[in-house]
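Visitor:
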Amino acid sequence: MLETKIEAATRNPDWQAYLVPENWSRFMPVDHATWDRLFDRQVKLLHDDVVSIFIDGLKKLGMTEPGIPRLERLSDRLEHLTGWRLVSVEGIVPDPEFFAMLRDRRFPIGNFIRDGKNLDYLEEPDCFHDIFGHVPVLAHQPMADLMEALGRLGVEACANGHGDLISRLYWHTVEFGLAKEDGRTKIWGAGLASSFGEAKFSLEADVPRPRFTPEAASLTPYRSDRFQPLYFVSDSVEEASRMLNELTDAKLAVLGAGEAPSYAPLDGQPA
Numbered sequence: 005m006l007e008t009k010i011e012a013a014t015r016n017p018d019w020q021a022y023l024v025p026e027n028w029s030r031f032m033p034v035d036h037a038t039w040d041r042l043f044d045r046q047v048k049l050l051h052d053d054v055v056s057i058f059i060d061g062l063k064k065l066g067m068t069e070p071g072i073p074r075l076e077r078l079s080d081r082l083e084h085l086t087g088w089r090l091v092s093v094e095g096i097v098p099d100p101e102f103f104a105m106l107r108d109r110r111f112p113i114g115n116f117i118r119d120g121k122n123l124d125y126l127e128e129p130d131c132f133h134d135i136f137g138h139v140p141v142l143a144h145q146p147m148a149d150l151m152e153a154l155g156r157l158g159v160e161a162c163a164n165g166h167g168d169l170i171s172r173l174y175w176h177t178v179e180f181g182l183a184k185e186d187g188r189t190k191i192w193g194a195g196l197a198s199s200f201g202e203a204k205f206s207l208e209a210d211v212p213r214p215r216f217t218p219e220a221a222s223l224t225p226y227r228s229d230r231f232q233p234l235y236f237v238s239d240s241v242e243e244a245s246r247m248l249n250e251l252t253d254a255k256l257a258v259l260g261a262g263e264a265p266s267y268a269p270l271d272g273q274p275a
């Protein structure tokens, strides 16, 4: 049977409809100063509390230059390393189109930066979260490949009604995951790496830190409006990547039929 236009569109979301000009020239000196302040204090804060592929990525991409990076230049460096490019968007991209971007090795970057009153936490991702938090690990080939794989799985999952499951997996790993490295629990997720307040909170607060499994993470709600009530800890970034790479939409559906962990649902509305 031939696919209907709606079915075809569901399996091939038009992510290019969300692209906007970067308009780098509109960033004012105060915006570049905000970037520099955020960058400097976050590098000092993370130190050796972040996974090594993050620090390696900062060095490989030469992300120590002052001011908000120009996407074209950063994209060229990233593409040379792992085949990924960065694209400019106005804000949050819906899940189907977002995962389609990842599938096509494109990562969306918000074309704005927070103001000086919201340095510590921002609910909607800006260019600092997107660039500082996500881009360094995309310079690591295995992680770049994993993100593409998550994109393919995400498009299929969203088309088959499993979007909530893949979104939770992404959230609890790529965005807010922790991972063991050199015998210590370290920051992996971009939401933690780019947040001054939550980076420390995730490692020091008295909150649950269950071991990551796809089953548990896919059934555990998350919060997008405040610090997370728990953080999954992977045995290593490599082990979590192996687990995620082995997932298919059929396996995801089986996970979704499982029993939620005892710590879920958490306070507030589940996601």
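Quick note: to get my numbering, add 4 to the position in the sequence shown (first position is 1).
A virtual CB, placed ideally from N, CA and C, is assigned to each residue, including glycine.
(1) Can you tell me whether Lys204 is helix, strand or coil according to DSSP?
(2) For Ser92, which residues in the same chain have their Cβ closer than 7 angstroms to its Cβ, ignoring the five residues on either side in sequence?
(3) Looking at Gly95: is its Cβ nearer than 8 angstroms to the Cβ of Glu128?
(4) Thinking just about the alpha-carbon of each residue, which of Leu106, Asp99, Pro100 is nearest to the one in Arg89?
(5) Over what stretch of residues does the beta strand (DSSP E) that includes Ser92 continue unbroken?
(6) Applying the criterion that 16 or more other CB atoms from any shown protein chain within 10 Å of the CB defines a buried residue, is Ser228 buried or exposed?
(7) Which stretch, first to last residue, makes up the beta strand (DSSP E) that contains Ala183?
(8) Under three-state DSSP, which class holds Pro17?
(9) Distance check for Phe43 and Ala244, CA to CA, integer angstroms please.
(10) What do you get for Gly262, buried or exposed, if any count of 16 or more other CB atoms within 10 angstroms of its CB means buried?
(11) DSSP three-state label for Lys64, please.
(12) Compute the Euclidean distance between the alpha carbons of Leu157 and Glu250, then round it to the nearest angstrom.
(13) Starting from the Cα of Gly187, find the closest Cα among Pro218, Ser240, Ile170 and give me that residue.
Guide: For this structure:
(1) Lys204 sits in a helix when the DSSP states are folded into three classes.
(2) Listed in chain order, the non-local C-beta contacts of Ser92 below 7 angstroms within the same chain comprise Leu23, Val24, Pro25, Glu26, Leu75, Ile113, Asn115, local neighbours out to five positions each way being set aside.
(3) In this structure, Glu128 lies closer than 8 angstroms to Gly95 by Cβ.
(4) Looking at the Cα atoms, Leu106 is the closest of the given residues.
(5) Looking at the DSSP string, the run of the beta strand (DSSP E) that includes Ser92 is 89-93.
(6) Its Cβ having fewer than 16 others within 10 Å, Ser228 is exposed.
(7) Looking at the DSSP string, the run of the beta strand (DSSP E) that includes Ala183 is 182-185.
(8) Three-state DSSP puts Pro17 in coil, outside helix and strand.
(9) Computed Cα separation, rounded: 27 angstroms.
(10) If you draw a 10 Å sphere on the C-beta of Gly262, you find fewer than 16 other C-beta atoms in it, and that means exposed.
(11) Residue state for Lys64 is assigned as helix, using DSSP reduced to three classes.
(12) The C-alpha of Glu250 is placed about 10 angstroms away from the C-alpha of Leu157.
(13) Ranking Pro218, Ser240, Ile170 by Cα distance to Gly187 puts Ser240 first.
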